[in-house]
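What follows is a single structure, written as structure tokens, with notes after it.
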Amino acid sequence: MKHRTFFWFILPTLSAMILFIALPIVSVFIQSLFIQHEQVIVESESCGPFGCTPTSSVDTEATAKLREEQPLGRFNGFNTYANRSHLAFAEVGEAWHTTDSLGGFIDAVMDLPFYKALIFTLSYTFVVTPLVIVLGLAIAVGVNKLPKLIKGPSIFVSLLPFLVTPLVGSLILFWMVDGDGIIGATLQLIFDDPSLSIKASTPLMWIMLMVYGVWHTLPFSFITFYAGLQTVPQDILEAARIDGASKWQSMMLVVVPHLMPLVSFVTLMLLMDNFRVFEPIVSFNAQAHATSLSWFIYNDLRESGNPLYASAGATSMLTILGVVILLTPVLIRTWRDFNRKSH
Amino acid sequence: MATKRDTQLSPLAIVTYGAVALWLIIAAFPFLWTFWGSFKVQADFFSKADWTNALYGVNTVRETGGAFTGQGYEGAWVKEEFWKNAINSTVVVFFTVTISLTFGTLGGYALARSGFRYAFWILFAALVFRAMPHITLVSGYLLPFFEWNIWGIKPTTIIVLVAINQPFTLWMLHSFFLNIPKDMDESAMVDGCTRFQAFRYVIIPVMWPGVITTGLFSFLLAYNDFAVTAMLLSEENETIIPAINSFLGSDQVEGSIMFAVAAVVSVTAPLLVLVLFFQRQIVSGLTAGAVKG
């Protein structure tokens, strides 16, 4: 295809991506370097019978005008990145020196909002992803063995948790595990503890969010592995069986290696999607116990009437950095594959 | 080939069947439960005393006289004017899907037919863009959109959703067009067609299966989106998902949580229909990227 034709074909999609994905990243970066203007202070002297005293007052009009003229605010360099709400170098350093045990240090760091969000996001990603892969494979093997008649309906049912809107899916689960909901109330009855509530307990909230994560993404890995199972060469399985391999052995030594390319594809997709965990925290009203990086940005932007663009920008840049680090192995592999193909 | 050994009920098979059955219950039960409960009053749906109340609707009978009530649906659709949000969603979803398929088809075709190095770089960039959490992009939109006075209106949101959708659409249609033999459009060009004519008369007639599959996923992205629509739409243009979230913010009134339950069921119903009719396409779409490794 000629360069010129290629250009016209790719123009709409490329301009959409440049304008609304690439440029916003630049815009986020610029925002993160600025901070809102301070209020304009007017110094004046008020003179009374006992002499004059200097007073200062806020000139709201001038402040509003300044903010209007320069909506970005004043230049702040990388200070937003280093402040208490983000990387908090000073606070982490202090915690390192003042706490005497590792546990105490972790507790102190967990009080810092950015680290709290980061630690939850990473735990969520690295707990949910492997669980979903293992369980997805197990269910795919199971469904593959089902009689043909019930395969279709069971795939239909399995797809539901994945396709349902995340906000809605997590709400449905949340209502059930609520202290008054069916699962929540039953658990209270079983443990004979009427105060048992996921709203009041950090570990329970973490577990519940991760359970939701598994429930929501399991269908994706299941379907992918199920499709992969249809392509397993039967003669190799047959040969393994003749050589005396047990079902478990032919599963681990023939089927799983055959599915390995799929496993890395599913891992990539799951890492990307789990790292942006956001909606369940809104639905579960979980912010007191668990926050994620995405939720942290959302919260800054929601700050009523006065969105914290600088703070949201800094968190966004750090999140993007996290995504890139997470994807580096995959990106390197894609790059190598392409080079191998082109030579 | 099912041999005798396959069909025998070994302990392993029983465990497998058990696990599958358990998963199917876990997958389906929350939906059935919420659907059933949406026709009850709050005291039944959240009945701490006895969970069977939610099945038989003891309080529903006491309060409304019947075992089923449409109060939640009436409250959501009529009182809270959920139908306005539904119309907004229809508009946003329709235009997002149409535009992103148009852009994606052109781009995906070009990428599949161009062997140049920059085609790879575009796909590579798209892969990175695909991984961006949407909310990080939203924080970049707000300030410029306020400045240009285009915040809150539907066209802005539509074009943003189209853009966010592009990386995925491009990858999917690119791998789909790779499977259409090059000879088809090239022989048309030998016969004197321009590249665009070849695309118009040879490729477009055969591309519909891939476009429909991709369209389903574009639909899901636009329909399910919360981060973008919650931040970029003014209250009157709000779509259904952020609207459900605002129901919850005001759940002080007794029974208004049932509005949210009814709305949740209403939002899930179209998805159910979608899976019913397009199960095959959705499954093939989910695995489309995987086949290429």
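If you're matching them up, the sequences are chains A and B in order. Note that my numbering has the first sequence beginning at -10, numbered continuously upward. Note that my numbering has the second sequence beginning at 1331, numbered continuously upward. Cβ coordinates follow ideal geometry from the N, Cα and C atoms, glycine included. Because the structure is a prediction, the values reported are computed rather than measured.
Legend entry - DSSP three-state assignment for PRO1497 (chain B), whether helix, strand or coil: In this structure, DSSP gives PRO1497 (chain B) a helical state, which the three-state scheme calls helix.
Legend entry - With 16 other Cβ atoms within 10 Å as the buried cut-off, status of HIS86 (chain A): Exposed: under 16 other Cβ atoms inside 10 Å.
Inset, instruction - Note down, one range per segment and in chain order, each alpha helix (DSSP H) of at least 4 residues found wholly within the stretch 42 to 126 of chain A. - result: For the alpha helix (DSSP H) assignment, the uninterrupted runs of no fewer than 4 residues enclosed by the stretch 42 to 126 of chain A are, from N- to C-terminal side, 49 to 58, 68 to 71, 78 to 87 and 91 to 99.
Legend entry - PHE1369 (chain B) versus VAL252 (chain A) - alpha carbon distance: One C-alpha to the other measures close to 42 Å.
Legend entry - Assigned exposure category for ILE7 (chain A) - 16 Cβ within 10 Å defines buried: Classification for ILE7 (chain A): exposed.
Inset, instruction - State the DSSP-derived secondary structure class of ILE1356 (chain B), mapped to helix, strand or coil. - result: Helix at ILE1356 (chain B).
Legend entry - Helix, strand or coil at LYS1622 (chain B) according to DSSP, with G and I counted as helix: Confidence is the limiting factor: at LYS1622 (chain B) the pLDDT is only 46, short of 50, which leaves the residue's position unreliable and the question unanswerable from this model.
Inset, instruction - Count the C-beta pairs between the stretch 248 to 267 of chain A and the stretch 1453 to 1467 of chain B that are closer than 8 Å, then say yes if the count reaches three, no if not. - result: The stretch 1453 to 1467 of chain B and the stretch 248 to 267 of chain A touch, with three or more beta-carbon pairs separated by less than 8 Å.
Inset, instruction - For ILE225 (chain A), collect the residues of the same chain with a Cβ closer than 6 Å to its Cβ; drop the 5 residues on either side in sequence, then sort them by chain order. - result: Cβ neighbours of ILE225 (chain A) beyond the five flanking positions: VAL243.
Inset, instruction - To the nearest angstrom, report how far apart MET(-10) (chain A) and LEU1508 (chain B) are at their CA atoms. - result: Distance between the alpha carbons of MET(-10) (chain A) and LEU1508 (chain B) is about 14 Å.
Inset, instruction - Might you give, ordered along the chain, the residues of its own chain that have their beta carbon closer than 7 Å to the beta carbon of LYS1622 (chain B), omitting 5 neighbours on each side? - result: Only weak support is given to the placement of LYS1622 (chain B): the predicted model assigns it a pLDDT of 46, under 50, and the question is left unresolved by the model.
Inset, instruction - Could you name the residues of the same chain whose beta carbon sits closer than 7 Å to that of PRO208 (chain A), not counting the 5 residues immediately before and after it, in chain order? - result: If the five residues before and after PRO208 (chain A) are omitted, its C-beta is found closer than 7 Å to the C-beta atoms of SER147, LEU148, PRO150 and PHE151, all from its own chain and listed in chain order.
Inset, instruction - Return the chain-ordered list of same chain residues with a C-beta closer than 6 Å to the C-beta of ASP1374 (chain B), the five sequence neighbours on each side being excluded. - result: By the criterion of a C-beta distance shorter than 6 Å, ASP1374 (chain B) is surrounded in its chain by ASN1383, ALA1384, GLY1387, ASN1389 and THR1390, once the five residues flanking it on both sides are discounted.
Inset, instruction - Under 6 Å Cβ to Cβ from MET1331 (chain B), same chain only, skipping five residues before and after it: list those, please. - result: Residue confidence is low: MET1331 (chain B) scores 46 on pLDDT, short of 50, so the model does not pin down where it sits. Its coordinate-derived value is still stated next. Annotation for MET1331 (chain B): no residue places its beta carbon closer than 6 Å to its own, counting only its chain and skipping 5 residues before and after.
Inset, instruction - Check whether the stretch 164 to 179 of chain A touches the stretch 88 to 97 of chain A, counting contact only when three or more Cβ pairs, one atom from each stretch, lie closer than 8 Å. - result: They do not touch, by the three-pair rule.
Inset, instruction - Assuming GLY1367 (chain B) contacts VAL1591 (chain B) (C-beta within less than 8 Å), just tell me the rounded distance between them. - result: Sure, about 7 Å apart at Cβ, within 8 Å.
Legend entry - Between the CA atoms of LYS1409 (chain B) and TRP(-3) (chain A) - distance to the nearest angstrom: A straight line joining the alpha-carbon of TRP(-3) (chain A) with that of LYS1409 (chain B) spans about 49 Å.
Legend entry - 3 or more residues per run - each beta strand (DSSP E) lying fully within the stretch 279 to 329 of chain A: Fully enclosed beta strand (DSSP E) runs of 3 or longer: not present.
Inset, instruction - For the beta strand (DSSP E) containing VAL31 (chain A), list its first residue and its last residue. - result: Judged by DSSP secondary structure, VAL31 (chain A) falls within the beta strand (DSSP E) whose first and last residues are 30 to 37.
Inset, instruction - Tell me, please, whether the CB atom of THR1390 (chain B) is closer than 7 Å to any CB atom in chain A? - result: No, because no Cβ of chain A sits closer than 7 Å to the Cβ of THR1390 (chain B).
Legend entry - Cβ-based contacts, 9 Å cut-off: residues of the stretch 1553 to 1565 of chain B near chain A: With the criterion set as a beta carbon lying under 9 Å from some beta carbon of chain A, the members of the stretch 1553 to 1565 of chain B are TYR1553, ASN1554, ASP1555, PHE1556, ALA1557, ALA1560 and MET1561, in sequence order.
Inset, instruction - Note down, in chain order, every chain B residue with its Cβ under 7 Å from the Cβ of LYS236 (chain A). - result: Result: LEU1342.
Inset, instruction - Give a yes or no on whether the minimum CB-CB distance between PRO102 (chain A) and chain B is below 7 Å. - result: Contact of PRO102 (chain A) with chain B is not assigned, every C-beta pair being separated by 7 Å or more.
Inset, instruction - With GLU27 (chain A) as the anchor, note down where its alpha helix (DSSP H) starts and where it stops. - result: For GLU27 (chain A), there is no enclosing alpha helix (DSSP H), as DSSP marks it with neither H nor E.
Inset, instruction - Closer than 7 Å by beta-carbon distance: list the chain B residues that pair up with ALA174 (chain A), in chain order. - result: Under the 7 Å cutoff, chain B gives LYS1378 and TRP1381.
Inset, instruction - Within the same chain, show all residues whose beta-carbon is closer than 8 Å to that of TRP204 (chain A), passing over the 5 residues directly before and after it, in chain order. - result: PRO150, GLY158 and LEU162, listed in sequence order.
Inset, instruction - Can you say whether ARG1316 (chain B) is buried or exposed, counting buried as having 16 or more other CB atoms within 10 angstroms of its CB? - result: Outside the modelled stretch of chain B, which goes from 1331 to 1623, sits residue 1316 (chain B), for which no answer is possible.
Legend entry - Heavy atom of the ligand NAD within 6 Å of LEU290 (chain A) beta-carbon: Of ligands this structure carries none, so the ligand NAD is not represented either.
Inset, instruction - Grab the span of the alpha helix (DSSP H) containing GLN276 (chain A) for me, first residue to last. - result: Per DSSP, GLN276 (chain A) belongs to no alpha helix (DSSP H) and is neither H nor E.
Inset, instruction - Give the residues of chain B in contact with PRO246 (chain A), contact being defined as C-beta atoms less than 8 Å apart. - result: Contacts between PRO246 (chain A) and chain B, judged by CB atoms closer than 8 Å, are missing: the closest CB pair is about 14 Å apart.
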